[in-house]
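To start, the structure itself, in structure tokens.
2 protein chains.
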Amino acid sequence: MKLSFRWYGSDDPVTLNHIRQIPNMHSIVTAVYDVPPGELWSRDSIAALKQEVESAGLHFEVIESVPVHEDIKLGKPSRQQYIENYKENIRRLGEAGIRCICYNFMPVFDWTRTQLDKELPDGSNALVYYKEQLEKMDPLTGELSLPGWDSSYTKESLAAVFAEYNKITEEDLWENLRYFLSEIIPVAEEADVKMAIHPDDPPWPIFGLPRIITCEANVDRFLKLVDSPYNGLTLCTGSLGCTKANDMVHLVDKYSAMGRIHFMHVRNVKILDDGSFEESAHFSACGSLDIVAIMKVLYQNGFDGYVRPDHGRMIWGETGKPGYGLFDRALGASYINGIWETLQKLG
Amino acid sequence: MKLSFRWYGSDDPVTLNHIRQIPNMHSIVTAVYDVPPGELWSRDSIAALKQEVESAGLHFEVIESVPVHEDIKLGKPSRQQYIENYKENIRRLGEAGIRCICYNFMPVFDWTRTQLDKELPDGSNALVYYKEQLEKMDPLTGELSLPGWDSSYTKESLAAVFAEYNKITEEDLWENLRYFLSEIIPVAEEADVKMAIHPDDPPWPIFGLPRIITCEANVDRFLKLVDSPYNGLTLCTGSLGCTKANDMVHLVDKYSAMGRIHFMHVRNVKILDDGSFEESAHFSACGSLDIVAIMKVLYQNGFDGYVRPDHGRMIWGETGKPGYGLFDRALGASYINGIWETLQKLG
């Protein structure tokens, strides 16, 4: 296991100096943020990022994310240029020492919650997804914007892209993903960069948009689209795990035994009865997932990929990017250290 | 294991609200701080403290410390009144729900370091004890003052108490401790309050003052002075463990199997070749102690006492009481959670 931490670059209130003071911290997970989806990342930008991370004594080996242009997901004729750019980005990142790229194939929106600052009984706050709130939300008229979302959409352009998705089926989306993978995985193999798709979060269709990386059957199908170790997973426990339909210990066991998990996002969620969920502290008893059981199957399968503590609560009065404060994620990192060291020493 | 956290009362920059947001936090470890050593703690003060802690949703079960008046350590005739006060404090605390009292029997000074803000390679800072620095220190003339020390001494009164200790031997100190225990332990038994002596820190004579709770032979001797489960230990891994002469895994195993550890102070130290040491992050690889092995023997012996993460580094720019910042101690708590949960689940 290589412990890592997401960093949003020099604008992030969490600094590299903060991150490197977390015990056992190995890698920074970051991206070139000032390039629109689908465009080339300049070698200079990549080199500058690498230099900044390495100057702080940390490794620069994981990118999250290289975004996939909507035209690729939609299978539009214009996709080819964006795919060529994607390939070139993989090559450039591989040359710079990147060994793992996280991306997702969710139409339009990245992770979705209905409230970003739900106060918990201990006075901290967390991101939540309440079904009842979601049913009242309409991204085409509402004001909600999440940090994971592409903020470049205007209401008009959002309506246009929704209209385009209305014309394609879930099977079309699968075919568009297959085509994308068939193009990029050979390049990833050559560049020695493991591609690691992030599951859909939450793992069900949302706002009428299809979502496909949602469950065991679909992950199985995904891995077979291009059956290469370079076509792998970012196994996000809190994404697939926010429904009891997904048995996270089983999924982590199965896909790590297959050598197809390259990157773990470790977080916990409290699943509510009506299909809602609340993000929680990483500690197992705070949520519905057994984090120790998850780490144990990883350990038993000889996992040596990257792990990062995912979304934390906001604690101790911290403000900043929801889910991406320093404090609770660092507690998560430290908790993971305790689990992993104990697994190693108990064999 | 009941996870706990030291809190210095309403003046502490670390608040109860901060502490309760640490996952799995059970108890606050605190004291009535505005009463001189040897005096009675008023029932009102104790009740107010209890009320404050419990209002934050935390348990009020551990006191650190009820200080032992120097006259008791010196065996002066005046000790009897201070011992009577000590007994009464035990009774009052027991009535208020306190189940464990930490104290120490170190002459004059509590824990001693030579520098409180040694910068570590990652930019954090920590308390260190450098032998070379210590040899140049003279508490009777110097300015060093540590948070654990009784700040009520003037230079003159300090000189006077040093002169008194010059007149007693190490054996006298043992006899004074025996007498104290023979008086208080029956009261502790009746009040159902476990007394938990803190080892000397560091565990060797300092500034010419004797120190006796320093090693296995002496802890054995201590436990036999009054052979009651109520005469137990605060096993501080960083105190006894700052010399390789003490095998911490063995000591924790032995004394927890005997049921004589009531309170664990868990921290790590990096032992240097010349007898110096640096405090480090709790994570085993950061120091010389195997924290997992220590927690493992506790677990195997069915330990159900209190554990607190002890001294942390100062990280992320935090300022405050050296060793007692919020951030790194909370990382320690989270690390302990990971270890303990894994031990529980792996059996």
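Chain order of the listed sequences is D and G.
Heads up: the first sequence begins at 36 in the working numbering, then just goes up one per residue.
Heads up: the second sequence begins at 36 in the working numbering, then just goes up one per residue.
Here a beta-carbon is modelled for each residue, glycine too, at the ideal position from N, C-alpha and C.
Quantities reported herein were computed from a predicted structural model and do not represent experimental measurements.
Close-in-space but distant-in-sequence residues of the same chain around residue i (CB under 8 Å, 5 per side omitted)
i	result
E87/G	S45, L51
E372/G	Reading off the sequence, residue 372/G comes out as Asn, not Glu. Same-chain partners within the cutoff: L38, P58, N59.
S100/D	A66, I136, C137, Y138, N139, H233
E123/D	L75
K289/G	E251
M293/D	L258
T176/G	K190
Own chain, CB closer than 6 Å to residue i, minus 5 neighbours either side, in chain order
i	result
L260/D	R213, L216
P72/D	P102, H104
A280/D	none
P13/G	Outside the displayed span of chain G (36 to 382) sits residue 13/G, for which this structure offers no information.
Y68/D	G44
Rounded Cβ spacing between residue i and residue j (contact assumed at less than 8 Å)
i	j	result
I232/G	F140/G	6 Å
S291/G	F338/G	5 Å
T272/D	L324/D	6 Å
I219/D	Y121/D	6 Å
L128/D	V228/D	6 Å
F40/G	R343/G	6 Å
V301/D	I326/D	7 Å
CA-to-CA distance, residue j to residue i, given in whole angstroms
i	j	result
H346/D	G276/G	36 Å
K37/D	I296/D	13 Å
W209/D	N253/D	10 Å
S274/D	R364/D	16 Å
A66/G	S77/G	12 Å
P48/D	V70/D	20 Å
P58/D	K190/D	44 Å
D235/D	L84/G	48 Å
F242/D	N201/D	11 Å
Y43/D	P142/D	22 Å
E376/G	N211/G	42 Å
Q168/G	D152/G	14 Å
G132/D	I306/G	36 Å
S311/G	A82/D	42 Å
S192/D	G382/G	56 Å
G367/D	I125/D	30 Å
L378/D	T149/G	37 Å
K111/G	A195/G	14 Å
D106/D	F197/D	12 Å
Any non-hydrogen atom of the ligand NAP within 7 Å of residue i CB
i	result
N52/D	The model on display carries no ligand, and the ligand NAP is accordingly not part of it.
Chain-ordered neighbours of residue i on chain D, where CB pairs are closer than 7 Å
i	result
G276/G	Chain D residues near G276/G: none, gap ~17 Å exceeds 7 Å.
Y43/G	Residues of chain D passing the Cβ test: none, with the nearest at roughly 17 Å.
N281/G	In chain order: nothing, as chain D lies at least about 20 Å away.
F318/G	P58, N59, N372
N336/G	Neighbours of N336/G on chain D: none; closest Cβ ~16 Å, over 7 Å.
N52/G	G158
Contacts that residue i makes with chain G (C-beta to C-beta distance below 9 Å)
i	result
Y121/D	The contacting residues do not exist; Y121/D stays about 36 Å from chain G at best.
K380/D	S319, D325, V327, A328, K331
T377/D	V327, M330, K331, G373, I374, W375, E376, T377, L378, L381
Proximal chain D residues relative to residue i, where beta-carbon distance stays under 8 Å
i	result
E353/G	Ordered by position in chain D, no residue passes the 8 Å Cβ test against E353/G, which lies about 10 Å from the chain.
S291/G	Under the 8 Å cutoff, chain D gives no residues; its nearest Cβ is about 17 Å from S291/G.
Under 7 Å from the C-beta of residue i: neighbouring residues of chain G
i	result
R392/D	This structure cannot settle anything about residue 392/D, because the visible part of chain D is limited to 36 through 382.
A365/D	L366
S39/D	Under the 7 Å cutoff, chain G gives no residues; its nearest Cβ is about 16 Å from S39/D.
7 Å Cβ shell around residue i - same chain, five flanking residues per side excluded
i	result
F298/D	V97, C135, C137, A231, T269, G340, Y341
A328/D	V284
A91/D	L51, N52, R55
E205/D	P245, I247
E154/G	N160
E199/D	L109
K452/G	No information on residue 452/G is available, as it lies outside the stretch 36 to 382 that chain G covers here.
Beta-carbon neighbours of residue i, restricted to chain G and to distances below 8 Å
i	result
L361/D	W351
Chain D residues whose Cβ lies nearer than 9 Å to that of residue i
i	result
S113/G	Under the 9 Å cutoff, chain D gives no residues; its nearest Cβ is about 46 Å from S113/G.
> Can you find at least 3 beta carbon pairs, one from the region 348–358 of chain G and one from the region 150–166 of chain G, that sit closer than 8 Å?
Replying inline: With the cut-off at 8 Å, the region 348–358 of chain G and the region 150–166 of chain G touch.
>> For the pair the region 281–299 of chain D and the region 310–322 of chain D, tell me if three or more CB-CB distances fall below 8 Å.
In response: Remark: fewer than three beta-carbon pairs, one from each stretch, lie closer than 8 Å, so the region 281–299 of chain D and the region 310–322 of chain D are not flagged as touching.
> Is the number of C-beta pairs between the region 220–227 of chain G and the region 263–275 of chain G that are closer than 8 Å three or more?
Replying inline: Contact holds: three or more Cβ-Cβ distances are below 8 Å.
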